[in-house]
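Asks: Sequences listed follow chains A and B, in order. Numbering of the first sequence is given in this note's numbering, commencing with residue 1 and proceeding in unit increments. Numbering of the second sequence is given in this note's numbering, commencing with residue 1 and proceeding in unit increments. Glycine is no exception: its CB is placed at the ideal position from the N, C-alpha and C atoms. Here the structure is a predicted model, which is why all the values come from computation and not from measurement. The structure's right below; bear with me while I get my questions together.
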Amino acid sequence: SAVISQKPSRDICQRGTSLTIQCQVDSQVTMMFWYRQQPGQSLTLIATANQGSEATYESGFVIDKFPISRPNLTFSTLTVSNMSPEDSSIYLCSVVSSGQGWIDTQYFGPGTRLTVL
Amino acid sequence: SQELEQSPQSLIVQEGKNLTINCTSSKTLYGLYWYKQKYGEGLIFLMMLQKGGEEKSHEKITAKLDEKKQQSSLHITASQPSHAGIYLCGAERRAGYALNFGKGTSLLVTP
Chain A
1 SAVISQKPSR DICQRGTSLT IQCQVDSQVT MMFWYRQQPG QSLTLIATAN
51 QGSEATYESG FVIDKFPISR PNLTFSTLTV SNMSPEDSSI YLCSVVSSGQ
101 GWIDTQYFGP GTRLTVL
Chain B
1 SQELEQSPQS LIVQEGKNLT INCTSSKTLY GLYWYKQKYG EGLIFLMMLQ
51 KGGEEKSHEK ITAKLDEKKQ QSSLHITASQ PSHAGIYLCG AERRAGYALN
101 FGKGTSLLVT P
């Protein structure tokens, strides 16, 4: 399994500003994902951030709004740019790592709870 | 695109009772995950199923993937207040490991 930490755990921001969320993993992983969970909703994939390649964004998400860095196999950042109240969500990173029986399993971080005023 | 439907949307059970949550996919499932989420927090991995007919158990929670690989169920035996939370099923996309999620089932266990 993998242990994932995220910073900050929560933040309250003013509209028009930007916030960078960090995701740190305790082991080297190739595949990493960023998801968003809007209030009362389920998780939606924002982008895939595999080390060594540019992030791949899902329909409805663009690099200018959600730039992602993946400098090494244990770390990634997601920036939420020019924020509006609609960006208020929980942002979660996840990684694929060996689980029980050496089967690739997806684990999630604790999330970053963002409120935009 | 794949759609996952979870039922019921919410559930209130008395402590000690058994319960089942279902997750039905519009397409064949290649990997089906079950997670538990406490309000406003991250996802706790419960189990992952890949093979048709597969069944896994951990403590009082059992998950099954049907033979046709389009439906999964999560069964909790003798529920406890610690089981309360939101249960989410997630399905691997055919290409890559990214997941599509159901809308979740909110579980409350009363004393």
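1. Along the stretch 43-59 of chain B, what residues have a CB closer than 7 Å to any CB found in chain A?
2. Could you name the residues that DSSP lists as bridge partners for A:Val25?
3. Using a cut-off of 9 Å between C-beta atoms, extract the partners of A:Arg70 located in chain B.
4. Between A:Arg36 and chain B, is there a C-beta pair that is closer than 7 Å?
5. On the CB-based measure, 16 or more other CB atoms within 10 Å of its CB, does B:Lys51 come out buried or exposed?
6. B:Ser57: which of B:Lys103, B:Thr77, B:Gln9 sits nearest, CA to CA?
7. With three or more beta-carbon pairs closer than 8 Å as the criterion, would you say the stretch 32-43 of chain A touches the stretch 87-95 of chain A?
8. Can you say whether B:Ser25 is buried or exposed, counting buried as having 16 or more other CB atoms within 10 angstroms of its CB?
9. Interface residues of chain A around B:Gly102 at Cβ under 9 Å?
10. So, using beta-carbon positions, are B:Gly40 and B:Glu92 closer together than 7 Å?
11. Measuring only the C-alpha atoms, how far is B:Ser65 from B:Gln37?
12. Give the secondary structure of B:Glu5 by DSSP, where H, G and I count as helix, E and B as strand, and everything else as coil.
13. In the DSSP assignment, what are the bridge partners of B:Ile21?
14. What residues from chain A crowd round B:Gly40, counting only those whose CB sits closer than 9 Å?
15. Using the beta-carbon count (16 or more within 10 Å), is B:Asn100 buried or exposed?
16. Is the CB of B:Tyr97 under 7 Å away from at least one CB in chain A?
17. At 8 Å on the CB atoms, spell out the chain B contacts of A:Phe66, in chain order.
18. Just verifying my parser: in three-state terms, what is the DSSP assignment at A:Pro71?
19. I'd like the list of long-range same chain contacts for A:Gln51, defined as Cβ closer than 7 Å, with 5 residues on each side in sequence excluded.
20. Among A:Leu114, A:Leu43, A:Met83, which one has its Cα closest to the Cα of B:Cys89?
21. My output table needs one value for A:Ser88: the three-state DSSP class, helix, strand or coil.
22. Mind pulling the chain A residues with CB within less than 7 Å of B:Tyr33?
23. Among A:Gln14, A:Phe66, A:Val62, A:Met83, whose alpha-carbon lies nearest the alpha-carbon of A:Gln22?
24. Quick one: is A:Phe33 near chain B, going by C-beta distance under 7 Å?
Replies: On the basis of the coordinates in this document:
1. Leu43, Phe45, Met48
2. A:Ile4
3. Going along chain B, no residue has its Cβ under 9 Å from A:Arg70, so there is no contact; the nearest lies around 15 Å.
4. no
5. exposed
6. B:Thr77
7. yes
8. buried
9. Ser42
10. no
11. The residue you asked about is not Ser; residue 65 of chain B is Leu in the sequence shown. Approximately 21 Å between the Cα atoms of the pair.
12. strand
13. B:Leu74
14. Arg10, Ile90, Gly111, Arg113
15. buried
16. yes
17. Simply none; closest approach about 15 Å.
18. strand
19. Thr30, Arg70, Asn72, Leu73
20. A:Leu43
21. coil
22. Gln106
23. A:Phe66
24. yes
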